[in-house]
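Q: Structure provided below as structure tokens; questions to follow.
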Amino acid sequence: MFKFIIKKRQAPLVWSSCLVFFGALVLSLAVSAIMLALQNKPPLTAMVLLFNGAFGSLLAIQDCLIKAVPIFLCSLGVAIAFRLQIWNIGAEGQYVLGAIGATWVALRFPDLPWFVVLPGMLAMAFIAGGLWGLIPAVLKLYMRANEIIVTLMFNYLAILFLDYLVYGPWKDPVSFGFPMTREFSTSAIVGKIGHTQLNWGIILCIFSGVAIWIFFKYTRLGYELKASGENIKAARYAGLPYHRLVMLVLFLSGALAGWAGFLEASSTINRLQPSIVVGYGYTAIVVAWLARLNPISIGIASFLLAGLRVGLEHLQLDLQVPAAFGGIMEGLILLTVLAGSFFVDYRISLGKKS
Amino acid sequence: MRRAMFFWVFICVFAWGVASAADTPMKVGFVYVSPIGDAGWSYAHDQGRLDIEAMDGVTTSFVEAVPEGPDSERVMLNMARKNYNLIFATSYGYMDPMLKVAKQFPDIVFMHCSGFKTAKNMGNYFGRMYQARYLSGMVAGAMTKSKILGYVAAFPIPEVIRGINAFALGAQSMNPDVKVRVVWTKTWYDPATEKEAAKSLLDVGADVIAQHQDSPAPQEAAQEKGVYSVGYNSDMSKFAPKSHLCAPIWNWSPFYKEMMEKVQQGTWKSKSYWYGLEHGIVDITPMGSMVPEAVQKRVLAKKDEIASGKAKVFVGPIKDQSGKLRIAKDTPANDRELLGMTWFVEGVVGTTQ
Chain A
32 MFKFIIKKRQ APLVWSSCLV FFGALVLSLA VSAIMLALQN KPPLTAMVLL FNGAFGSLLA
92 IQDCLIKAVP IFLCSLGVAI AFRLQIWNIG AEGQYVLGAI GATWVALRFP DLPWFVVLPG
152 MLAMAFIAGG LWGLIPAVLK LYMRANEIIV TLMFNYLAIL FLDYLVYGPW KDPVSFGFPM
212 TREFSTSAIV GKIGHTQLNW GIILCIFSGV AIWIFFKYTR LGYELKASGE NIKAARYAGL
272 PYHRLVMLVL FLSGALAGWA GFLEASSTIN RLQPSIVVGY GYTAIVVAWL ARLNPISIGI
332 ASFLLAGLRV GLEHLQLDLQ VPAAFGGIME GLILLTVLAG SFFVDYRISL GKKS
Chain B
0 MRRAMFFWVF ICVFAWGVAS AADTPMKVGF VYVSPIGDAG WSYAHDQGRL DIEAMDGVTT
60 SFVEAVPEGP DSERVMLNMA RKNYNLIFAT SYGYMDPMLK VAKQFPDIVF MHCSGFKTAK
120 NMGNYFGRMY QARYLSGMVA GAMTKSKILG YVAAFPIPEV IRGINAFALG AQSMNPDVKV
180 RVVWTKTWYD PATEKEAAKS LLDVGADVIA QHQDSPAPQE AAQEKGVYSV GYNSDMSKFA
240 PKSHLCAPIW NWSPFYKEMM EKVQQGTWKS KSYWYGLEHG IVDITPMGSM VPEAVQKRVL
300 AKKDEIASGK AKVFVGPIKD QSGKLRIAKD TPANDRELLG MTWFVEGVVG TTQ
């Protein structure tokens with residue numbers, strides 16, 4: 032009899048990990064194609080449509096980049112916390128608080144010029160999102176509250192707070208009672224870059240991504256974080272300031288999600304309304320793991336996932352594939368790619384049973 | 000001779016060009032907020048879409064389950080880029096995104112459902128569902144024994160509040176002491192949450208469950224408990240045959256056909272359309288066999304009165320929950336007041352927050 036032997040790889044795969052990734056991708060796309068064929072939709076045309084819709088033209092790529100911005104920032108945030116093995120499930124709520132913070136500035140100072148308002152919104156979103164992340168950190172450290180539960184619960188609190196504001200004190204008086212704030216003044220709107228569809232938020236993404244990468248690669252604090260994440264007990268024994276690190280990562284994590292909220296409110300919706308909440312905070316967790324917490328990979332993964340979602344809309348429009356199929360396909364791809372990453376870390380060989 | 004030949008060739012080419020231009024089908028796109036299989040709001044719109052798909056020279060398509068934010072803007076933008084001629088967006092939150100897209104594509108006709116903004120190439124439309132709600136309220140008011148009606152409602156926005164008020168007024172016209180208890184689910188489509196909300200209403204003694212949601216889940220909860228229910232959007236009797244009294248329903252086909260013809264003929268103009276029972280855009284399903292003949296007759300008589308314009312739903316004196324007179328005696332509420340309604344009438348239990 033044979034049996035499978037699973038061994039952890041000594042040296043991590045480098046190029047073959049790309050191979051594993053593409054293998055998983057091809058496998059899930061093949062399964063999706065079969066499912067399309069079963070619905071009497073042309074599978075090959077569908078795949079071409081999916082690709083063209085997502086990456087086939089300059090306009091499509093811009094669409095994907097816009098869609099990727101909030102996913103990227105939220106994901107970058109949760110990845111920082113995950114590095115320290117702090118499970119921040121609360122990016123959704125931190126994103127909402129960021130949007131609320133930015134909106135407060137926009138509504139409070141509508142007449143100031145953009146070079147005052149926008150930095151103010153940026154700072155307020157950073158602080159509001161960050162503080163929303165910091166509270167669970169304090170509760171964890173001083174009251175031993177599990178951060179997974181607290182951050183998750185804080186999402187619901189944040190959404191209820193948002194509802195309270197837009198149904199109550201911040202409601203636009205001319206919206207016929209619909210829940211939304213007044214439209215931001217032009218000085219509070221992050222504008223588009225030249226004649227493209229892209230807004231300047233993309234620059235904020237690049238800046239954040241590079242800053243976080245440098246932080247982990249070249250700073251002492253970044254190194255301490257990574258070391259503590261590998262082994263908390265050893266880190267404490269070595270005298271690393273674990274408490275401070277937990278507070279730092281949750282603050283930063285929340286602040287980045289807050290920036291995502293700021294950009295969504297300011298650049299794409301131009302106001303605060305409940306439909307700003309579409310689950311980016313949860314998508315971010317998947318993306319972070321897909322990218323193995325690496326800032327550059329997070330950028331790529333966010334872009335690809337955004338592309339998939341945009342492409343699926345084209346599939347719906349042109350072939351009338353049901354929306355649920357999009358969800359199934361996304362799930363399939365994520366599942367196979369995450370499962371595939373097992374083979375990057377482990378080796379499976381056949382051995383004889385003794 | 001040669002000239003004549005050129006002439007005929009020219010005529011042929013020209014005729015072919017005209018003919019093929021007429022042959023190029025009009026492309027019509029629909030944006031839906033929920034899946035079309037939900038027997039609810041989007042399903043009702045999609046029935047209308049299928050009827051214009053059957054028209055000559057028209058092809059249609061749709062994207063379903065589109066969130067009401069930046070995603071909807073991109074979906075409409077892509078329809079416009081793919082040269083759709085007419086785009087219908089069927090949820091309130093699509094208003095601002097549609098306005099943005101409409102500005103970029105002045106040659107495309109945009110129609111937004113349930114909002115209030117228009118542009119040169121963007122009109123809006125809705126139906127006076129509150130008229131049908133009033134009728135369904137009459138049925139519920141006649142059938143209740145506990146005098147508590149439950150109402151599972153999505154969001155506290157004017158459209159929903161108006162419907163609850165009309166329902167309550169209809170019920171009170173049959174049974175003056177009836178109370179309508181409202182639970183907000185804060186979702187349009189979430190069958191599990193809707194069912195839970197219905198159960199919470201059943202627990203406080205409601206014996207008819209009405210709803211403003213996109214799924215028949217409240218109907219199912221009512222049937223399980225053995226009490227009556229009032230559906231919404233489409234005939235939901237097949238989901239809960241024993242409990243389904245009636246349902247106020249949408250019938251978008253005539254309206255969509257009218258718009259399609261106007262666009263085809265080039266006579267379309269930006270406007271706000273708010274049709275009611277008189278156009279058949281809203282209606283009430285046939286009432287279940289448990290509803291007594293006399294009640295059915297009264298309801299249908301009222302329907303004729305409203306459709307012919309003889310009766311109106313919101314005519315004073317109407318007081319709000321605090322007892323303050325909101326609509327003065329013998330004056331009908333105007334459309335502006337109806338569109339911005341954010342208060343409950345007397346007899347409704349719940350808040351509009």
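Going line by line, the protein sequences match chains A and B. Numbering of the first sequence is given in the working numbering, commencing with residue 32 and proceeding in unit increments. Numbering of the second sequence is given in the working numbering, commencing with residue 0 and proceeding in unit increments. Cβ coordinates follow ideal geometry from the N, Cα and C atoms, glycine included.
Across which residues does DSSP place B/Trp187 in a beta bridge pair?
A: DSSP lists no partner for B/Trp187.
Q: Measure from the alpha carbon of B/Val298 to the alpha carbon of each residue in B/Val138, B/Ser60, B/Asn84 and B/His44, then state which is nearest.
A: Ranking B/Val138, B/Ser60, B/Asn84 and B/His44 by Cα distance to B/Val298 puts B/Val138 first.
Q: For the alpha helix (DSSP H) containing A/Tyr126, name the first residue and the last one.
A: Segment Ala122 to Arg139, the alpha helix (DSSP H) holding A/Tyr126.
Q: Quick one: which residues of the segment 139-156 of chain B get their C-beta closer than 8 Å to a C-beta of chain E? List them in chain order.
A: Of the chains in the structure shown, none is chain E; the protein chains are A and B.
Q: Tell me the rounded alpha-carbon separation between A/Ser372 and A/Glu361.
A: Rounded to whole angstroms, A/Ser372 to A/Glu361 spans 17 Å at the Cα level.
Q: Consult DSSP for A/Ser298 and reduce its assignment to one of helix, strand or coil.
A: Helix.
Q: So with CB distances below 7 Å, who are the chain A contacts of B/Pro66?
A: The contacting residues are Ser306 and Val309.
Q: With DSSP collapsed to three states, give me the class of B/His211.
A: Correct three-state label for B/His211: strand.
Q: Tell me, please, whether the CB atom of A/Ala354 is closer than 9 Å to any CB atom in chain B?
A: For A/Ala354, the answer is yes, since a Cβ of chain B falls inside 9 Å of its Cβ.
Q: Compute the Euclidean distance between the alpha carbons of B/Arg180 and A/Asn71, then round it to the nearest angstrom.
A: Computed Cα separation, rounded: 47 Å.
Q: Check A/Asn186 in the structure and name its three-state DSSP category.
A: Residue state, collapsed to three classes: helix.
Q: Do A/Ala112 and A/Ser328 have their C-beta atoms closer together than 9 Å?
A: No, the Cβ-Cβ distance between A/Ala112 and A/Ser328 is not below 9 Å.
Q: Going straight from the alpha carbon of B/Val27 to that of B/Thr117, what length do you get?
A: Distance between the alpha carbons of B/Val27 and B/Thr117 is about 19 Å.
Q: Which same chain residues, not among the five before or five after A/Trp145, have their C-beta less than 6 Å away from its C-beta?
A: Only Ser218 meet the Cβ criterion.
Q: Any residues in the segment 208-234 of chain A with a beta carbon nearer than 9 Å to a beta carbon of chain B? Which ones, in chain order?
A: Cβ contacts with chain B come from Gly208, Phe209, Pro210, Met211, Glu214 and Gln228.
Q: Does the separation of the CB atoms of A/Leu279 and A/Ala258 fall below 9 Å?
A: No. Outside cutoff.
Q: At which residue ranges does the segment 269-325 of chain B contain complete beta strand (DSSP E) runs of 3 or more residues, listed in the order of the chain?
A: Listed in chain order, they are 271-274 and 281-283.
Q: Could you check whether the segment 107-123 of chain A touches the segment 176-192 of chain A, counting it as contact only if at least three pairs of C-beta atoms, one from each stretch, sit closer than 8 Å?
A: Touching, per the Cβ criterion.
Q: Taking only the alpha-carbon atoms, compute the straight-line gap between B/Ser135 and B/Gly126 and give it to the nearest angstrom.
A: Distance between the alpha carbons of B/Ser135 and B/Gly126 is about 16 Å.
Q: Measuring only the C-alpha atoms, how far is A/Lys98 from B/Ala209?
A: Each residue's Cα considered, the two are about 38 Å apart.
Q: Buried or exposed: which applies to A/Ser47, given that a residue is buried once 16 or more other Cβ atoms fall within 10 Å of its Cβ?
A: So A/Ser47 counts as exposed.
Q: In chain order, what residues of the same chain lie with their CB nearer than 8 Å to the CB of A/Gln228, ignoring the 5 residues before and after it?
A: Closer than 8 Å at the Cβ level, and outside the excluded window around A/Gln228, lie Leu90, Gln93, Asp94 and Ile97.
Q: Could you check whether the Cβ of B/Tyr91 sits closer than 9 Å to any Cβ belonging to chain A?
A: Yes, because at least one Cβ of chain A sits closer than 9 Å to the Cβ of B/Tyr91.
Q: Does the separation of the CB atoms of A/Gly215 and A/Thr299 fall below 9 Å?
A: First, the residue type needs correcting, since residue 215 of chain A is Phe and not Gly in the sequence shown. No. Outside cutoff.
Q: According to DSSP, is A/Leu381 part of a helix, a strand, or is it coil?
A: The answer is strand: DSSP assigns A/Leu381 an E or B state.
Q: Closest to B/Thr330 by C-alpha separation, out of B/Ser321, B/Lys311 and B/Gln320, would be which residue?
A: The shortest Cα separation from B/Thr330 among B/Ser321, B/Lys311 and B/Gln320 belongs to B/Lys311.
Q: Identify whether B/Pro217 lies in helix, strand or coil by the three-state DSSP scheme.
A: B/Pro217: helix per DSSP, three-state reduction.
Q: Give me the Cα-Cα distance between B/His140 and B/Asn82, rounded to the nearest whole angstrom.
A: Looking at the sequence shown, residue 140 of chain B is not His but Gly. C-alpha separation (whole angstroms): 50 Å.
Q: To the nearest angstrom, how far is it from the Cα of B/Val207 to the Cα of B/Gly230?
A: Taking the straight line joining both Cα atoms gives about 11 Å.
Q: Around the Cβ of B/Ser113, are there at least 16 other Cβ atoms within 10 angstroms (buried) or fewer (exposed)?
A: B/Ser113 comes out buried.
Q: How would you list, in chain order, the residues of chain B whose beta-carbon sits under 8 Å from the beta-carbon of A/Arg295?
A: Just to set this straight, residue 295 of chain A is Glu in the shown sequence, not Arg. Near A/Glu295 (Cβ distances below 8 Å), the residues of chain B are Gly68 and Pro69.
Q: Quick one: which unbroken beta strand (DSSP E) runs of 3-plus residues sit fully inside the segment 161-187 of chain B? Chain order, please.
A: List check, beta strand (DSSP E) in window: 178-183.
Q: Excluding five sequence neighbours on each side, which residues of the same chain lie with their C-beta closer than 7 Å to the C-beta of A/Ile102?
A: Same-chain partners within the cutoff: Tyr311, Thr314, Ala315, Val318, Ser333, Leu336 and Ala337.
Q: Verify the CB distance criterion: does B/Met259 have a CB-CB separation below 9 Å to chain A?
A: Chain A, which has no Cβ nearer than 9 Å to the Cβ of B/Met259, makes this no.
Q: Within the chosen definition, does the segment 146-166 of chain B reach the segment 201-211 of chain A through at least 3 CB pairs nearer than 8 Å?
A: Yes, since at least three Cβ pairs between the segment 146-166 of chain B and the segment 201-211 of chain A fall closer than 8 Å, the two stretches touch.
Q: Please report the Cβ distance between B/Ser242 and B/Lys119, rounded to the nearest whole angstrom; I am assuming they are in contact, meaning their Cβ atoms lie under 8 Å.
A: Their Cβ separation, rounded to whole angstroms, is 48 Å, which puts B/Ser242 and B/Lys119 out of contact at 8 Å.
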